[in-house]
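**Q** Mapping to the working numbering: the sequence shown position 95 is 95, numbers consecutive.
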Amino acid sequence: MAEYLASIFGTEKDKVNCSFYFKIGACRHGERCSRLHNKPTFSQTIVLQNLYVNPQNSAKSADGSHLANVSDEEMQEHFDNFFEDVFVECETKYGEIEEMNVCDNLGDHLVGNVYIKFRREEDAEKAVEDLKNRWFGGRPIHAELSPVTDFREACCRQYEVGECTRSGFCNFMHLKPISRELRKELYGRRGPAYVGGGRRRSRSRDRDFGRGGRGYGRGGYGGGGGGRYRRSRSRERRRSRSRERRDRSREREGRAGRY
């Protein structure tokens with residue numbers, strides 16, 4: 001019996017531990033949870049809490065309707081820009097990233113959470129210590145080590161096949177996908193064994209995170225001129241392809257209207 005208790009100590013099987021926190025690194029009860037949240041002292045994975053602000057969620061009126069008519073293409077471009085900013089900044093400064101995921105949930109404990117799994121635990125520890133002193137989007141970054149290492153266990157299986165009935169308030173991760181173009185750019189040199197993450201970049205990137213009150217947004221960056229030019233060309237290519245798709249769609253609608 002003692003051997004069994006020792007084998008499950010600190011794991012999900014130990015009933016004194018919160019299984020949601022163990023699997024997802026977050027719990028809707030927070031500090032009020034009746035079970036233990038065993039925060040890791042070392043891990044490959046970090047979480048940046050509530051970092052991504054979805055414009056569709058922040059642009060709703062009291063009755064839940066959208067205040068602004070934002071197209072799907074514009075939303076995807078906004079998210080791709082955010083994802084690229086965070087990914088390249090963190091990989092350049094702290095070390096190789098195996099996987100990065102952003103939650104599209106609406107619950108307070110998961111909304112906008114960014115999970116970054118580094119190749120080395122030392123890099124994750126270094127990232128947490130540095131990011132705790134930095135700002136993003138005019139807000140301080142809340143970074144900590146996360147127990148999540150297998151995102152397949154943390155994700156909502158029903159959501160992946162379009163059948164989740166809990167919508168954005170599900171307690172399992174609803175991961176927001178990046179565009180195919182950006183995935184190819186970030187992950188292009190990785191083998192099929194990698195689910196997420198991306199290759200190391202040699203370009204300098206000092207523009208996306210700030211210390212003190214510097215924030216995230218157009219015109220709100222500092223430094224990194226060469227990296228800015230290269231990244232802007234990549235973004236312009238994606239915008240150009242998005243405009244072409246919209247133009248073709250309008251042409252098809254116009255032709256259909258003439259018949």
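For glycine and all other residues, C-beta sits at the position ideal for the given N, C-alpha and C. Note that the structure is predicted; figures quoted are calculated from it, not measured.
Take Asn113 as the anchor and find which of Arg157, Cys164, Glu185, Leu145 has the nearest alpha-carbon.
**A** Answer by Cα proximity: Leu145.
**Q** What residue range does the beta strand (DSSP E) around Ser146 cover?
**A** Taken as a continuous stretch (DSSP letters only), the beta strand (DSSP E) holding Ser146 covers 143-146.
**Q** Can you confirm whether the region 169-179 touches the region 87-105 when touching is taken to mean that 3 or more C-beta pairs between the two stretches lie within less than 8 Å?
**A** The answer is yes - the region 169-179 touches the region 87-105, with three or more Cβ pairs under 8 Å.
**Q** Please say whether Phe83 and Leu182 have beta carbons closer to each other than 9 Å?
**A** The answer is yes: Cβ separation under 9 Å.
**Q** Checking the sheet assignment: what are the DSSP bridge partners for Tyr261?
**A** A query on residue 261 cannot be resolved here, the shown segment of the chain reaching from 1 to 259 and no further.
**Q** In three-state DSSP terms, what is Arg157?
**A** Helix, per DSSP.
**Q** With distance defined between alpha-carbon atoms, name the residue in Phe118, Glu74, Gly162 nearest to Val88.
**A** Ranking Phe118, Glu74, Gly162 by Cα distance to Val88 puts Phe118 first.
**Q** What are the boundary residues of the alpha helix (DSSP H) that Asp85 is part of?
**A** Segment 72-94, the alpha helix (DSSP H) holding Asp85.
**Q** Taking 9 Å as the threshold (C-beta atoms), are Leu51 and Val86 in contact?
**A** For Val86 and Leu51, yes; Cβs fall inside 9 Å.
**Q** Check Phe136 in the structure and name its three-state DSSP category.
**A** In the structure shown, Phe136 sits in a strand (DSSP, three-state: E or B).
**Q** Grab the span of the alpha helix (DSSP H) containing Tyr187 for me, first residue to last.
**A** That run of the alpha helix (DSSP H) goes 180-187.
**Q** What first and last residue would you give for the alpha helix (DSSP H) that runs through Glu129?
**A** Per DSSP, Glu129 belongs to the alpha helix (DSSP H) from 121-131.
**Q** Enumerate in chain order the residues of its own chain whose CB-to-CB distance from Gly95 is below 7 Å, with the five nearest sequence positions on each side excluded.
**A** The answer, listed in chain order, is Phe118, Arg119, Arg120, Asp123.
**Q** So, does the region 35-47 touch the region 144-159, judging by three or more C-beta pairs under 8 Å?
**A** Contact between the region 35-47 and the region 144-159 is present, because at least three Cβ pairs lie under 8 Å.
**Q** Would Cys90 be called buried (16 or more neighbouring beta carbons within 10 Å of its own) or exposed?
**A** Buried, since its Cβ has 16 or more Cβ neighbours within 10 Å.
**Q** Could you tell me which of Ala143, Arg139, Gly137, Asn54 sits nearest to Asp130, measuring between CA atoms?
**A** The shortest C-alpha separation from Asp130 is found at Ala143.
**Q** Please classify Asn17: does DSSP put it in a helix, a strand, or coil?
**A** DSSP places Asn17 in strand when its eight states are reduced to three.
**Q** Can you pull the DSSP bridge partners for Leu36?
**A** Bridge partners of Leu36: Asn17.
**Q** Compare the beta carbon distance of Val47 and Tyr159 with 9 Å and say whether it is the shorter of the two.
**A** In this structure, Tyr159 does not lie closer than 9 Å to Val47 by Cβ.
**Q** Taking its Cβ as the centre, do 16 or more other Cβ atoms sit within 10 Å of Gly197, making it buried, or is it exposed?
**A** Note that Gly197 scores a pLDDT of 42, beneath 50, so its modelled location is shaky; the value from the coordinates is reported in the next line. With 16 or more Cβ atoms within 10 Å of its Cβ, Gly197 is classed as buried.
**Q** Do Phe169 and Gly107 come within 9 Å of each other at the CB atom, strictly closer than that value?
**A** Yes.
**Q** Check the C-beta distance from Val16 over to Arg28 and give it rounded, since I have them as a contact under 8 Å.
**A** With a Cβ gap of about 18 Å, Val16 and Arg28 do not count as contacting.
**Q** Which residues in the same chain have their Cβ closer than 8 Å to the Cβ of Ile24, if we skip the five residues on either side of it in sequence?
**A** Excluding residues within five positions, the ones whose Cβ falls inside 8 Å are Leu110, Val148, Ala154, Asn171, Phe172, Met173.
**Q** Using CA coordinates, which residue listed in Cys164, Gln49, Glu125, Met75 is at the minimum distance from Lys93?
**A** Checking every option, the nearest Cα to that of Lys93 belongs to Glu125.
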